[in-house]
Amino acid sequence: MSSQKSTTQSPRVLILIGLAAWIATFIALHGPKVILGYLALQVVTSGVFAYSMWKAEQQPASPGSTGEEAGESASPQ
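Mapping of the sequence shown onto numbering that gives the first Met the number 0: residues 0 to 76, in sequence order.
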């Protein structure tokens, strides 16, 4: 007997094909300006978050945050 290959694709391949079709349809209907606008929004929000994290790292820690002001060590000995 000869073994027959299944003609159906695996679910993973079908999901990827469907996702690619949705993305292609979205770009065809809405144009690349929507995609570029979304990417620009992501860049701005990521930049704001990164800047706020950088500013937080630049500020000195408050003296009471580590317990070192009274001669205590931050790590137990």
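Each residue gets a CB set at the ideal place from its N, CA and C atoms; glycine is no exception.
Tell me the DSSP secondary structure of E9 in three-state form. Note that residue 9 corresponds to Ser in the displayed sequence, not to Glu. In the structure shown, S9 sits in coil (DSSP, three-state: anything other than H, G, I, E or B).
Go ahead and pull the three-state DSSP assignment for Q41. Looking at Q41 - three-state DSSP - the assignment turns out to be helix.
Can you look up A60 in the DSSP assignment and give me helix, strand or coil? Here A60 sits in coil by DSSP.
Return the Cβ separation of I34 and I26 in integer angstroms, given the expectation that the two are a contact with Cβ distance under 8 Å. Their Cβ separation, rounded to whole angstroms, is 6 Å, which keeps I34 and I26 in contact under 8 Å.
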